[in-house]
Amino acid sequence: MKKLFGLVLATIWLFTPLAAPALAQDAAGGAETGAAAEGYNPDGYIPADGAAPGAEGAPAKSLTFESVVSAINSFVWGPWLLVLLFGSHLFLTFRTGFIQRKIFLGIKLSVTRDHNSEGDVSQFGALTTALASTIGTGNIIGVGTAIALGGPGAVLWMWLTGVLGIATKYAESLIAVKYRVKTENGTMLGGAMFALERGLNMKWLGVLFALFAAFAAFGIGTGVQSNAVAHMVNETFSIPQYGSGAVMAIVVALVLLGGLRWISNVCIALVPFMSVLYVLGCLALLVLNADFIIPAIREIINSALSPRAAGGGFVGAAVLTAARFGIARGLFSNEAGMGSAPIVAAAAKTRNPVRQALVSSTGTFWDTVVICLMTGLVVVSSILANPEIQAETVGMNGGLLTHTSFGQIPFVGNIVLTFGLITFAFSTILGWSYYGERCAEYLFGSKINYPYRVLYVVVTFLGATVPLGLVWDIADTLNALMCVPNIIAVLLLSGMIYKETCYYLNGRLDEVSSEPVPTWNPKK
-14 MKKLFGLVLA TIWLFTPLAA PALAQDAAGG AETGAAAEGY NPDGYIPADG
36 AAPGAEGAPA KSLTFESVVS AINSFVWGPW LLVLLFGSHL FLTFRTGFIQ
86 RKIFLGIKLS VTRDHNSEGD VSQFGALTTA LASTIGTGNI IGVGTAIALG
136 GPGAVLWMWL TGVLGIATKY AESLIAVKYR VKTENGTMLG GAMFALERGL
186 NMKWLGVLFA LFAAFAAFGI GTGVQSNAVA HMVNETFSIP QYGSGAVMAI
236 VVALVLLGGL RWISNVCIAL VPFMSVLYVL GCLALLVLNA DFIIPAIREI
286 INSALSPRAA GGGFVGAAVL TAARFGIARG LFSNEAGMGS APIVAAAAKT
336 RNPVRQALVS STGTFWDTVV ICLMTGLVVV SSILANPEIQ AETVGMNGGL
386 LTHTSFGQIP FVGNIVLTFG LITFAFSTIL GWSYYGERCA EYLFGSKINY
436 PYRVLYVVVT FLGATVPLGL VWDIADTLNA LMCVPNIIAV LLLSGMIYKE
486 TCYYLNGRLD EVSSEPVPTW NPKK
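Numbering (the numbering used here), first residue to last: -14 to 509.
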């Protein structure tokens, strides 16, 4: 434990200057949060009045610790990271032979059990656990924010990012299964850290990835999520935040006691239910706005591909602005390229790496291509159907924009939205608990598992009761830094990914991999 706390202090000291207030509402995919839905964007902090620091009419900003954090944040979440991720999506789409064409095969495999295969959970269990962390509040609030900041064209860019991101999710899941190991107690362990160590002999980079992910889980995974839920419940039902925090902490503790199998079982029951309920709510709104669906699609396409002035209830946005916010929200909604979801993919019972990679790739499809798109259509069609809903009056608050749209459903609209936000946030807490624990185990061995769970539950309660401040910011930045070693692993191993894909998709998809899963010795 002394080593753990020492590492915590060292990490805070090293990475506090890299704190990233941007994307607190939708960073990391699925680990998104609506606690800070207004005033943030991928390029740094922007005041609520919309004026960038230093711009005419904006308040003067002295050189403070917060301003330094904001400046470094602009770099960490800057265009270079978006280009890296989106460029990788494009490259891997071609490298895998446009693996997106196999998406329906992946959906079929996700509900097919691979009997007598090595692993800890079913393929469907691994998928729902991954979806639990990626389908976050950003699927609701993040989409509204993208539209408020980038105009309706952001929806198309978000959707394209999801389509291309399927290839990256496929690739990173493939290498996670390919290089997974078996612990001394027989459980599977894998992810970018093992791909870097075993596939590329770059253990030092694997250690960095695990370090970033283990600590990011406390912020993005649980602290931010519990805080968002506690605020919402307090505003809706006047329940004290510590009460919501205590309930969440107890429920999370009960689930975590059972390890991955309990997490998987809860996610198997919760994820399909919450997703179907939310989709039904979206469909109800689209039925109410039936006459505006085609105009909404036309508005989305036109504003994504051509610069235009404000009109029709939308803020004006240039093509690059729409692309920037759409791509950013899409990237960090589905987590493709971040290396988080492959950690649980490595634990799946599967015959070969390609089968599980196909299953995992469907997570990006459901998260962005389906759920984010439906949210986008709901918001845009609602604005067209109700001119009084003005993006400019809502400002940059995407949560309020989405809330207003759902409010069109009499009596139950906001209830469905609130339920969706709570369950999405809770499922994110469960999914990220597994990611963080596995990365901590890679760093310290299995002895860290139970202390990590206890600390995770404590942070769940604290996150709901106290302002998180820089803890959120540090976690956001660590989340961004996860992308770099993961993308390095995927790109450097792209040749192997190509060979494995060609081999198994050439009539050998049912073949059981002959490669033994080695037993991992953390002392080496």
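We put the beta carbon where it would ideally sit given N, CA and C, even for glycine.
In this text the structure is predicted, and so the values were computed from the model without any measurement.
Residue i, buried or exposed, once every other Cβ within 10 Å from all chains shown has been counted against 16
i: Gly208; result: buried
i: Leu268; result: exposed
i: Leu262; result: exposed
i: Asp352; result: buried
i: Arg493; result: exposed
i: Thr97; result: exposed
i: Val439; result: exposed
i: Tyr489; result: buried
i: Lys432; result: exposed
i: Tyr427; result: buried
i: Leu242; result: exposed
i: Lys154; result: buried
i: Leu66; result: buried
i: Trp144; result: buried
i: Phe222; result: exposed
i: Phe197; result: buried
i: Ile132; result: buried
i: Lys93; result: exposed
i: Glu220; result: exposed
i: Arg283; result: exposed
i: Glu485; result: buried
i: Trp189; result: exposed
i: Ser499; result: exposed
i: Val106; result: buried
i: Asn491; result: exposed
i: Pro436; result: exposed
Residues bridged to residue i [DSSP beta-bridge criterion]
i: Ala333; result: Val106
i: Thr114; result: According to DSSP, which records beta bridges pairwise, Thr114 is partnered with nothing at all.
i: Thr504; result: Lys167
Helix, strand or coil at residue i [DSSP, three-state]
i: Thr389; result: helix
i: Thr347; result: helix
i: Thr97; result: coil
i: Thr221; result: helix
i: Thr81; result: coil
i: Gly15; result: At Gly15, the pLDDT of 38 sits below 50, so the modelled position is not reliable and the matter cannot be decided from this model.
i: Arg493; result: coil
i: Gly311; result: helix
i: Pro327; result: helix
i: Pro257; result: helix
i: Glu320; result: coil
i: Ser412; result: helix
i: Ile286; result: helix
i: Leu394; result: It should be pointed out that residue 394 corresponds to Ile in this sequence rather than to Leu. Reduced to three states, the DSSP call for Ile394 is coil.
i: Ser499; result: coil
i: Gly421; result: helix
i: Pro137; result: coil
i: Gly243; result: coil
i: Ser291; result: coil
i: Gly63; result: coil
i: Gly42; result: The pLDDT assigned to Gly42 is 47, lower than 50, so where the model puts this residue is not dependable, and the model offers no usable value.
i: Leu145; result: helix
i: Asn516; result: Look at the range of the chain in this structure, -14 to 509, and you will see that residue 516 is not part of it.
Of the listed residues the options, nearest to residue i (C-alpha basis)
i: Phe391; options: Leu369, Thr413, Val364; result: Val364
i: Ile497; options: Pro137, Gly230, Val339, Val192; result: According to the sequence shown, residue 497 is Val rather than Ile. Residue Val339 is the option with its Cα nearest to Val497.
i: Ser291; options: Ile433, Leu343, Gly138, Leu447; result: Gly138
i: Arg165; options: Cys357, Val502, Leu190; result: Val502
i: Gly206; options: Thr445, Trp417, Leu494; result: Trp417
i: Ile160; options: Ser346, Thr462, Gly361, Ala198; result: Ser346
i: Trp505; options: Gly171, Tyr488, Val354; result: Gly171
i: Leu481; options: Ile282, Arg80, Gly72; result: Inspection of the sequence shows that residue 481 is occupied by Met rather than by Leu. The shortest Cα separation from Met481 among Ile282, Arg80, Gly72 belongs to Arg80.
i: Glu422; options: Leu116, Gly244, Ile253; result: Gly244
i: Ala425; options: Phe109, Gly176, Gln85; result: Gly176
i: Cys252; options: Thr450, Cys487, Thr413; result: Thr413
i: Met173; options: Ala370, Ile279, Pro327; result: Pro327
i: Leu386; options: Leu190, Arg314, Gly129; result: Gly129
i: Ala254; options: Asn399, Gln393, Gly110; result: Gly110
i: Val354; options: Ile312, Ser325, Gln210, Val443; result: Ile312
i: Asn337; options: Val214, Phe446, Cys487; result: Cys487
i: Asn287; options: Ala308, Ala156, Leu270, Asn124; result: Ala308
i: Thr114; options: Pro280, Ser366, Leu463, Trp247; result: Trp247
Within the stretch 150 to 218, note down every full alpha helix (DSSP H) run reaching 4 residues or more, in order along the chain. Runs found: 188 to 201.
Residue ranges of each alpha helix (DSSP H) run of no fewer than 4 residues wholly in the stretch 426 to 475, ordered along the chain? Here the runs fully enclosed are 434 to 450.
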